[in-house]
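Enquirer: Could you have a look at this structure, given as structure tokens, before my questions?
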Amino acid sequence: MQALVVHASDRGSTTELAGWIGDAFAERGIEVEVRACEQVTELAEVQAVVVAGALYLGRWHPEARRFVKRFAEPLRRRMVWLCSTGPLDHSATQQELPAVSDVTRALQRSRARGHRTFGGKLDADATGLLASQVAAQSAGDYRDRAQVTAWAQHLADTLVAEAQG
Ligand SMILES: Cc1cc2nc3c(=O)[nH]c(=O)nc-3n(C[C@H](O)[C@H](O)[C@H](O)COP(=O)(O)O)c2cc1C
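If you count the sequence shown from 1, position 62 lands on 62 in this note's numbering, and the numbers rise without skipping.
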């Protein structure tokens, strides 16, 4: 079983979160690569793909959108899940948040099996006009690694079961 976890990130928190998903897959014996969306040129032998994209201004990261568009056809023949990194509060750990419309489109395009929104992270010293304003209100790390790992383990169990079945 080979899996690919791709990330689309501006400030690195989604990249790190993709690494947590990769770690959970590897612990379940899945051969996994973690890559930036734009680094991927083909899906080759990969049977499962997770696309992790940051949310900015209500949109899924453009590289995540582009990845799903570019590989729509091969993705439909694989097991695919999507996730978003975003809310700068504890809402994503307290409840399952609805996907933004970009993600709904990507779910349809890739025929992905599911999607999850995880909390985001923003440093207090974030640069950029808008980012510094957002940081003044809500800087912090709202990602819950245990939640991300539990989701990834569930995916890994599904992959292993389908490979055996
Ligand atoms: C300017 C700006 C706009 C943002 N807009 C959203 C948003 O619309 N929805 C959301 O859930 N999070 C939003 N966030 C929070 C980011 O999604 C969060 O910081 C995320 O962890 C960033 O991922 P990255 O570090 O991989 O770039 C925003 C953050 C900034 C700085």
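C-beta atoms are modelled at their ideal positions from N, C-alpha and C, and glycine is treated no differently.
Let me make sure I understand the geometry here. Which of Glu16, Ile30, Arg11 has the alpha-carbon closest to that of Gln153?
Expert: Gln153 has its Cα closest to that of Ile30, out of Glu16, Ile30, Arg11.
Enquirer: For the beta strand (DSSP E) holding His115, just list the boundary residues, first then last.
Expert: 114-118 is the extent of the beta strand (DSSP E) around His115.
Enquirer: Less than 8 Å between the C-beta atoms of Val51 and Leu82, yes or no?
Expert: Taking 8 Å as the Cβ cut-off, Val51 and Leu82 qualify as a contacting pair.
Enquirer: Drop a sphere of 10 angstroms on the beta-carbon of Ser91, count the other beta-carbons inside from all chains shown, and report buried for 16 or more, exposed for fewer.
Expert: So Ser91 counts as exposed.
Enquirer: Going by DSSP, which residues form a beta bridge with Gly140?
Expert: Its beta-bridge partners are Leu122.
Enquirer: Report the start-end ranges of each beta strand (DSSP E) in the segment 11-85 that is 3 residues or longer and not cut off at the edges.
Expert: Runs of the beta strand (DSSP E) inside the segment 11-85: 31-36, 48-56, 79-85.
Enquirer: Look at the Cβ atom of Leu17, then the Cβ atom of Val49, and state whether they are nearer than 8 Å.
Expert: For Leu17 and Val49, no; Cβs fall outside 8 Å.
Enquirer: Could you check what DSSP says for His7 in three-state terms: helix, strand or coil?
Expert: Residue state, collapsed to three classes: strand.
Enquirer: Could you pull the start and end residues of the alpha helix (DSSP H) that His154 belongs to?
Expert: Element bounds for His154: 145-164.
Enquirer: If you drop the 5 nearest sequence neighbours on each side, which residues of the same chain put their C-beta closer than 6 Å to that of Gly114?
Expert: Taken in chain order, the residues that qualify are Trp81.
Enquirer: With distances taken from CA atoms, which of Arg11, Tyr142, Gln108, Asp125 is nearest Ala72?
Expert: Per the Cα distances, Gln108.
Enquirer: If you run the structure through DSSP and keep just helix, strand and coil, what is Gln94?
Expert: Helix at Gln94.
Enquirer: Going by alpha carbons, who is nearest to Val148 out of Asp23, Arg11, Ala8, Gly12?
Expert: The candidate whose alpha carbon is nearest that of Val148 is Asp23.
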